[in-house]
Amino acid sequence: MAFAGRRDVPEPPDFGILKRLARDQLIYLLEQLPGKKDLFIEPDLMSPLDRIANVSILKQHEVDKLYKAETRPPLSASDQFCFLVRPRVRTMRYIADIVNADKMSGRTRKYKIIFSPQKFYACEMVLEEEGVFGDVTCDEWSFYLLPLDEDIISMELPEFFRDYFLEGDHRWITSVARALQLLNSLYGPFGRAYGMAVCQGMMSHELWRELEEDGENDGQGRKPEISNVFLMDRDTDYVTALCSQVVYEGLVDDTFRIKCGSVDFGPDVTSSDKSIKVLLNAQDKVFNQIRNEHFSSVFGFLSQKSRNLQAQYDRRRGMDIKQMKNFVSQELKGLKQEHRLLSLHIGACESIMKKKTKQDFQEMIKAEHSLLEGFDIRESTSFIEEHIDRQVSPIESLRLMCLLSITENGLVPKDYRSLKTQYLQSYGPEHLLTFHNLKRVGLLTEQSAGETLTAVESRVSKLVTDRAAGKITDAFSSLARKSNFRAISKKLGLIPRVDGEYNLKVPPDMAYVFSGAYIPLSCKIIEQVLERRGWLGLEEVVRLLNGNEFSVSDSTGEETPPGESQRIVLAIFLGGCTFSEIAALRFLGKERGLKFIFLTTAITNSARMLEAMIEAKA
0 MAFAGRRDVP
10 EPPDFGILKR
20 LARDQLIYLL
30 EQLPGKKDLF
40 IEPDLMSPLD
50 RIANVSILKQ
60 HEVDKLYKAE
70 TRPPLSASDQ
80 FCFLVRPRVR
90 TMRYIADIVN
100 ADKMSGRTRK
110 YKIIFSPQKF
120 YACEMVLEEE
130 GVFGDVTCDE
140 WSFYLLPLDE
150 DIISMELPEF
160 FRDYFLEGDH
170 RWITSVARAL
180 QLLNSLYGPF
190 GRAYGMAVCQ
200 GMMSHELWRE
210 LEEDGENDGQ
220 GRKPEISNVF
230 LMDRDTDYVT
240 ALCSQVVYEG
250 LVDDTFRIKC
260 GSVDFGPDVT
270 SSDKSIKVLL
280 NAQDKVFNQI
290 RNEHFSSVFG
300 FLSQKSRNLQ
310 AQYDRRRGMD
320 IKQMKNFVSQ
330 ELKGLKQEHR
340 LLSLHIGACE
350 SIMKKKTKQD
360 FQEMIKAEHS
370 LLEGFDIRES
380 TSFIEEHIDR
390 QVSPIESLRL
400 MCLLSITENG
410 LVPKDYRSLK
420 TQYLQSYGPE
430 HLLTFHNLKR
440 VGLLTEQSAG
450 ETLTAVESRV
460 SKLVTDRAAG
470 KITDAFSSLA
480 RKSNFRAISK
490 KLGLIPRVDG
500 EYNLKVPPDM
510 AYVFSGAYIP
520 LSCKIIEQVL
530 ERRGWLGLEE
540 VVRLLNGNEF
550 SVSDSTGEET
560 PPGESQRIVL
570 AIFLGGCTFS
580 EIAALRFLGK
590 ERGLKFIFLT
600 TAITNSARML
610 EAMIEAKA
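Sequential numbering from 0 applies to the sequence shown in numbering that gives the first Met the number 0.
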């Protein structure tokens, strides 16, 4: 299997306390509205809420009926309405419509709005404009962090990527800073914080430090459980998010959409007429052994696992009555559960294989690898054109176009116009807005006439000069969000050079998450910074990334005492983290004796990222 592991990896901190704190605060807020009440829940809060407080817990605290906060509710006899919502303008209008309808009919109720994770001034303004601000009471449920697994924590804010990177909306920065403050207070002061960001990570870090200085800094004096923190903006590395995932967990996400740590397996997986919701975490013994594996290794493992389970069942034949009794009471239940999970994951693998075969997956992977390596670009462009003309998938076509654009530092005008025209003809003129959005975030750009890599590097060099002179804003504007992937790839050795075939079963490096073709840029940066204990020697990489790097020690000035915490790293991905990156850093952790904890605004993949560009309104 992929992880041989050179050193023992430390155990992660217990993040269960985050759930308990969130549950206790929610119960407290519900009890502020004594008596029976109907609870209206924002649809995308339902799955996170279920991980914190299920229906039975809500019922214990006098929640009578539950509704989705999206459609007009049926007639209700309840005298109290409670709304658990995100701070969104459209949701405020929905609530105002309900309150105003009650006013017109002469119905008197109490209304309470609980914002999660925080309340925004714009929401109060809408309530005031609609004439209902005086009729409602508002509170905040500081639900910033949801542990999805022993090493994955999510803020469950999928809109973060669109809001910040497309719209330039900074409102979620406070939420990120407060989340960091919460972790710092619970798990002791962080020893050192590193970051690579065009803007977001730096702003979040600075605001967090301000909150620490203004507050009581509860983490001081505690034994630190996390030594190093690394903040990474998604736009530092778009390439990794655009590549096809080939580790098992990534493929399950791409195929079935993992939502809030669980997945719905349909009849094609369950071999029945029912769908089953499965929680995917380390408690699933079968899943935990294959989640980080390259897909080519998974079937072999599941086949061997099936034989081992059958052998354990066959042991019953030679047992006497006492042994059989012990077997039934101690082992049988566990074996049946493992057998059920094994059947589901075999079904999932078969379903993935069928879908990928239909999508010409191998040809697509070949084209991606050519783009990453910079070979046969014209042939890869022709493959993309054929993909568009066949109308295989609007998202997949966009993904390949964006990957071509970023790896080539923008498309030459002729190719940009040709691909854009073909795409609009195949998928509709409404995607003109999509191209505008993709250009705005730097995913799909057009090279300026006569622009060469040398010209771009010259402008990047100007950035360094301008920054030193305090002209960072002008320098960024002049860059127009260009990528320097080829130069960065060469500098960091992102494309492995191996003699013979790459060993996917016992891989030599993190590139196995992309079949040995490419080491994720984000993961390579983290590896290099941790290895060097800073950015010394990486100045050229930082320059090519057009970003800001920072390295800050614990404000107490004290060195983190030696121990397990020095080997625990909190990797924070602002704008989303992929399962490929998680698998790569888990591999690195096994190799180096480190334990990586992942904090992300949301789990992402290429489809989610590009859908945000299609759905967003300019």
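Glycine included, C-beta positions come from ideal geometry on N, C-alpha and C.
In the three-state reduction of the DSSP assignment, Asp359 falls in the coil class. By DSSP's assignment, Met352 forms no beta bridge with any residue.
Boundaries of the beta strand (DSSP E) around Ile571: Ile567 to Leu573. Going by DSSP, Gln288 is part of the alpha helix (DSSP H) stretching over Lys284 to Ile289. Looking only at Phe586, His60 and Asp101, the smallest Cα-Cα distance to Pro73 is reached by Asp101. Around Ala281, the same chain offers Asp148, Glu149 and Asn287 as residues with beta carbons nearer than 7 Å, after the five sequence neighbours per side are excluded.
Taking the CA atoms as reference points, Gln565 sits about 25 Å from Gly575.
With fewer than 16 other Cβ atoms inside 10 Å of its own Cβ, Asp272 counts as exposed.
C-alpha of Tyr501 to C-alpha of Ile494: approximately 12 Å in a straight line.
In the three-state DSSP reduction, His344 falls in the helix class (H, G or I). Judged by beta-carbon spacing, Gln336 lies beyond the 8 Å limit of Ile387, meaning their Cβ atoms are not closer than that value. Shown here, Lys35 sits in coil according to DSSP, grouped into three states, outside any helix or strand. Within the stretch 27-99, the runs of beta strand (DSSP E) at least 3 residues long that lie entirely inside it are, in chain order, 36-40, 62-67 and 79-84. Taken atom to atom, the span from the alpha-carbon of Val277 to that of Gly346 is near 13 Å.
Straight through space, the alpha carbons of Val125 and Val540 are spaced by roughly 45 Å.
With contacts defined as CB atoms closer than 8 Å, Thr380 and Asp414 qualify as a contacting pair. The Cβ-Cβ distance between Gly190 and Ser153 does not fall below 8 Å. Each of Pro393, Ala611 and Lys35 was checked against the Cα of Tyr426, and the nearest Cα belongs to Pro393.
In the structure shown, the three-state DSSP call for Val512 is helix.
DSSP lists Phe114 as the bridge partner or partners of Glu139. By a beta-carbon distance limit of 8 Å, Phe132 does not contact Pro86. Their separation comes to about 15 Å.
Residue pairing by DSSP places Met612 in no beta bridge whatsoever. Close CB contacts of Gly249 within its chain, under the 6 Å cut and outside five residues either way in sequence, are with Phe578 and Ser579 (chain order). In the three-state reduction of the DSSP assignment, Ser174 falls in the helix class. Check the Cα spacing between Met608 and each of Thr239, Arg92, Val411 and Ser350: the tightest is with Thr239.
DSSP places Val262 in the uninterrupted beta strand (DSSP E) bounded by Ser261 to Phe264. Under the three-state reduction of DSSP, Val228 is assigned to strand. For Leu126, the enclosing alpha helix (DSSP H) covers residues Tyr120 to Glu128. Taking all protein chains in view, the Cβ of Leu535 is surrounded by fewer than 16 other Cβ atoms within 10 Å, so the residue is classified as exposed.
Where Asp414 is concerned, the enclosing alpha helix (DSSP H) starts and stops at Pro412 to Tyr426. In this structure, Leu399 sits near Ile383, with a CB-CB distance shorter than 8 Å. In the same chain as Lys304, and ignoring 5 residues on each side of it, the C-beta atoms closer than 7 Å to its own belong to Val285 and Leu341, in chain order.
Ile487 has its alpha-carbon roughly 12 Å from the corresponding atom of Ile518. When the five nearest sequence neighbours on each side are left out, the beta carbons in the same chain lying within less than 6 Å of the beta carbon of Phe229 are those of Tyr193, Ile525 and Ala570, in order along the chain. For Arg591, same chain residues with a beta-carbon under 6 Å away, outside a window of 5 residues either side, do not exist. About 7 Å separates the beta carbons of Ile596 and Val568, which is inside the 8 Å limit, making them a contact pair.
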